[in-house]
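Everything on this sheet refers to the single structure shown next.
There are 2 protein chains.
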Amino acid sequence: MRFKSQQQLEEWIKRAKGSSPSLPNSLGGAQQPPPVNPAIQRRILGVDTALRCTGWGMIDIRGNNMKAVDCGVIKNPPKDKVSGCLRCLAGGIREIIQLYHPDIAVLEGAFYFANVHTAMILGSARGAVISVLAEHNIPVYEYAPRRIKQAVCGNGNASKEQVAIMVANYLDIKTDALALDSTDALSMAICHAYELTTAGGLTLPPEL
Amino acid sequence: MRFKSQQQLEEWIKRAKGSSPSLPNSLGGAQQPPPVNPAIQRRILGVDTALRCTGWGMIDIRGNNMKAVDCGVIKNPPKDKVSGCLRCLAGGIREIIQLYHPDIAVLEGAFYFANVHTAMILGSARGAVISVLAEHNIPVYEYAPRRIKQAVCGNGNASKEQVAIMVANYLDIKTDALALDSTDALSMAICHAYELTTAGGLTLPPEL
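Same order as they appear, the protein sequences are chains P and U. Under my numbering, the residue at position 141 of the first sequence is numbered 815, and the numbers go up by one with no gaps. Under my numbering, the residue at position 184 of the second sequence is numbered 858, and the numbers go up by one with no gaps.
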């Protein structure tokens with residue numbers, strides 16, 4: 675989707691915000707958003723896992739207020755060995771945990787692949803990340819990519835750029851200079867924040 | 675393959691031993707085994723990675739002499755969460771490393787899968803194991819299952835039971851009470867020992 679004018683972009687954002695959270699529809703088309711529990715306070719880490727470039731983003735939620743904490747990418751040179759990449763990835767996640775002490779981590783559920791080799795490589799990266807999170811007793815949740823985009827943009831087929839625009843709006847930050855992998859990671863945290871704060875967490879997926 | 679008598683078993687072992695290491699054939703059918711470098715001393719850890727039951731086995735090599743150090747399995751209850759399994763797996767491998775200080779680790783290369791979901795799960799287990807090995811600067815190698823069986827049994831289609839018999843013979847240990855996952859892991863270490871000590875390591879696969 676391309677926007678011809680600023681007005682068109684703003685209208686799209688308004689429409690997308692109106693359609694999120696996606697929860698009311700999933701509970702049978704209620705028109706009013708469900709009540710929010712103001713007592714819920716969490717620090718959520720989203721991780722967009724990959725072997726070469728892993729995005730991460732951390733947000734704080736307090737009731738229905740969200741605030742960005744930090745975000746970034748863990749990059750590995752294209753020619754590094756697989757074992758070296760996994761070491762850097764696990765080490766990077768460990769550093770982030772020790773620095774920010776998240777309560778919850780969210781990953782993108784990877785259900786579709788071009789081939790088993792890709793699944794194997796992505797699986798290795800996920801294994802390195804999940805084992806470090808579990809070592810620190812941080813519960814891990816995963817959401818399908820469509821569900822995250824639906825919750826954040828109101829459209830399960832939204833592009834990475836559209837996700838970045840919505841993340842900027844929700845968190846009131848500038849995302850122009852951020853890597854799309856890190857805005858994707860922030861969108862995962864936002865998605866979980868919605869699932870957690872609405873409907874008493876009834877639609878939360880099981881812990882990984 | 676089933677053996678009708680002890681004599682038949684012994685003949686099979688003799689034949690299999692005669693056909694290993696597989697190296698002479700791969701270098702063009704030389705009849706004599708290549709010279710062994712007596713200065714090579716290594717402690718090799720083989721890991722048969724899986725989410726629920728990971729076998730491991732450690733051997734010491736000194737020239738062409740091999741000695742079993744220890745072996746076992748890292749088991750996770752069938753109903754444990756994936757994150758809990760990966761934590762136990764990574765923690766178990768870390769303990770083994772701190773106890774025995776291996777120089778090299780060997781995994782089974784996983785190239786064929788029933789489906790991408792299986793590839794993803796096995797990939798996660800491998801990622802957790804490899805990241806811990808890399809964290810301790812232990813080089814990781816992988817061999818295709820057929821290559822391991824060929825090196826140890828002289829038959830790429832050997833069963834796990836046949837592999838266990840050959841492992842018992844090579845290392846002069848009793849494998850009856852050992853889990854087949856741990857004898858599989860020992861066979862990986864034996865396979866790498868052959869590749870390392872014969873032909874100056876020219877046929878070693880690249881580090882993972």
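Beta carbons are placed, not taken as given, at the ideal position from N, Cα and C, and that holds for glycine. If you're wondering where the values come from, they're calculated on a predicted model, not measured in any experiment.
Beta-bridge partners assigned by DSSP to arginine 717 (chain P): P:Asp734. Along the region 725 to 756 of chain U, going in chain order, the ones with a CB nearer than 7 angstroms to a CB of chain P are Lys755 and Val756. In this structure, the straight-line span from the alpha carbon of histidine 866 (chain U) to that of valine 837 (chain U) is close to 15 angstroms. With 16 or more other Cβ atoms from the protein chains shown falling within 10 Å of its own Cβ, glutamine 824 (chain U) counts as buried.
Per DSSP, glutamate 881 (chain U) lies in no alpha helix (DSSP H) and is assigned neither H nor E.
For glycine 801 (chain P), the nearest CB of chain U lies under 8 angstroms from its own CB, placing it at the interface with that chain. Per the coordinates, the alpha-carbon of glycine 729 (chain P) lies some 22 angstroms from the alpha-carbon of valine 803 (chain U). Scanning its chain for C-beta atoms nearer than 6 angstroms, with the 5 sequence neighbours on each side dropped, one finds around isoleucine 847 (chain U) the residues Ala742, in chain order. By the C-beta criterion, the region 768 to 779 of chain P is judged not to be in contact with the region 774 to 793 of chain U, since fewer than 3 inter-stretch pairs fall below 8 angstroms. Under DSSP, tyrosine 817 (chain U) forms a beta bridge with U:Glu782. Spatial neighbours of glycine 830 (chain P) in its own chain (CB-CB distance under 7 angstroms, excluding positions within 5 residues in sequence) are listed in chain order as Arg820, Lys823 and Gln824. Nearest to serine 798 (chain U) by alpha-carbon distance, out of U:Lys834, U:Ile771 and U:Arg761, is U:Arg761. When the beta-carbon positions are compared, valine 780 (chain P) and isoleucine 735 (chain P) stay at least 8 angstroms from each other.
A residue is called buried when at least 16 other Cβ atoms come within 10 angstroms of its Cβ; alanine 851 (chain P) does not meet this threshold and is exposed. The beta carbons of valine 814 (chain U) and leucine 882 (chain U) sit about 4 angstroms from each other, so the pair counts as a contact at 8 angstroms.
Taken atom to atom, the span from the alpha-carbon of asparagine 750 (chain U) to that of glycine 766 (chain U) is near 11 angstroms. Using beta-carbon distances, glutamate 769 (chain U) does not count as an interface residue toward chain P, since no partner is under 8 angstroms. Annotation: valine 756 (chain P) to asparagine 843 (chain P) spans about 37 angstroms, alpha carbon to alpha carbon. Using a 10 angstroms sphere on the CB of leucine 876 (chain U), the tally of other CB atoms stays under 16, which defines it as exposed.
Non-local C-beta neighbours of valine 747 (chain U) in its own chain, meaning closer than 6 angstroms and more than five positions away in sequence, comprise Cys727, Gly729, Ala853, Asp855 and Ser856, ordered along the chain. Only exposed fits glycine 737 (chain U), as fewer than 16 other CB atoms lie within 10 angstroms of its CB. Using a Cβ-Cβ cut-off of 7 angstroms, isoleucine 778 (chain P) is close to nothing in chain U; its nearest Cβ partner there is about 12 angstroms away. With 16 or more other Cβ atoms from the protein chains shown falling within 10 Å of its own Cβ, glutamate 869 (chain P) counts as buried. Taking a Cβ-Cβ threshold of 7 angstroms, the residues of chain U close to alanine 808 (chain P) are Ser757, Gly758, Leu760 and Arg761, in chain order. Judged by DSSP secondary structure, isoleucine 748 (chain U) falls within the beta strand (DSSP E) whose first and last residues are 739 to 749.
Take the alpha-carbon of methionine 840 (chain U) and the one of methionine 794 (chain P): they are about 30 angstroms apart. Distance from the Cα of cysteine 827 (chain P) is smallest, within the candidate group P:Thr872, P:Ala784, P:Met862 and P:Gly720, for P:Met862. Counting of Cβ neighbours within 10 angstroms places alanine 724 (chain U) among the buried residues, the total reaching 16 or more.
With contacts defined by Cβ atoms closer than 8 angstroms, cysteine 745 (chain P) and alanine 832 (chain P) do not form a contacting pair.
Isoleucine 795 (chain U) belongs to the set of residues whose beta carbon lies under 8 angstroms from a beta carbon in chain P. Out of U:Leu845, U:Thr872, U:Ile864 and U:Pro880, the CA that lies nearest to the CA of valine 721 (chain U) is found in U:Ile864.
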